[in-house]
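This report refers to the structure that appears directly beneath it.
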């Protein structure tokens with residue numbers, strides 16, 4: 001269900017034929033699962049070190065204009081730059097949101113979760129982005145002219161799944177974001193539950209049987 005919400009928020013979602021919803025969901029989840037299986041049992045910080053990925057934890061809140069970041073990955077082969085920046089106040093806020101419902105984790109665990117997510121994007125840079133590996137969708141059609149676009153959300157879905165499998169999390173990681181939204185007052189718990197219920201009904205309407213651990 002949460003993976004479905006990621007897909008539904010894609011900029012070209014309305015251009016995806018409903019018959020292809022399952023293809024994009026299953027393919028993205030599979031990419032994440034396969035990558036996690038290849039690295040089973042390894043330590044995420046050691047993996048970053050092995051691949052010369054610098055890790056910096058900043059004390060500022062990661063707010064850029066109206067968007068608040070918890071982590072960012074900078075990559076440039078030309079500049080020999082590989083760096084994950086983590087914003088501690090933002091991560092601590094997420095931690096508080098989880099704790100508010102009795103989901104107790106350490107800051108180190110939250111950091112490792114975000115490192116895994118960004119490390120997956122590094123793997124995409126090294127190989128090929130998930131979105132570029134899947135079929136493109138036609139997002140503009142004017143007479144004989146056609147323009148096609150990748151479904152960017154598939155990379156995020158795969159990264160979330162990789163993170164979930166790599167760290168053996170009970171929840172698809174975007175669930176923590178919903179806890180934070182409720183805890184911070186940006187969204188009520190009732191709004192969260194309504195969002196989940198609507199997503200569930202949408203999936204059933206399209207014949208998409210939700211995978212239990214990609215739900216919550």
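Residue numbers (full-length UniProt numbering): 1 to 216.
Quick reminder that beta carbons are idealized off the backbone N, C-alpha and C, glycines included.
Task: Rounded straight-line distance, which links the Cα of residue 148 to that of residue 142 - done: Cα-Cα distance, rounded: 12 Å.
Task: residue 45 - DSSP class collapsed to helix/strand/coil - done: helix
- [ ] Could you tell me whether the stretch 149-158 touches the stretch 5-13, using the rule of 3 or more Cβ pairs below 8 Å?
- [x] yes
Open item on the list: Between which residues of its own chain and residue 73 is the CB-CB distance below 6 Å, once the five residues before and five after are set aside?
Closed with: 84, 118, 121
Task: Proximity of residue 161 and residue 33 at Cβ, strictly below 9 Å - done: yes
Open item on the list: Could you give the first and the last residue of the continuous alpha helix (DSSP H) run that contains residue 90?
Closed with: 88-99
Open item on the list: Please identify the residue among 126, 114, 102, 81 whose C-alpha is closest to the C-alpha of residue 91.
Closed with: 114
TODO: Would you tell me roughly how many angstroms separate the C-alpha atoms of residue 18 and residue 94, rounded to the nearest one?
DONE: 34 Å
- [ ] Could you check how far apart the C-beta atoms of residue 206 and residue 192 are, in whole angstroms? I think they sit under 8 Å.
- [x] Not confirmed; about 22 Å, so no contact.
Open item on the list: Considering only their Cβ atoms, is the gap separating residue 57 from residue 112 smaller than 9 Å?
Closed with: In this structure, residue 112 lies away from residue 57, with their beta-carbon atoms at least 9 Å apart.
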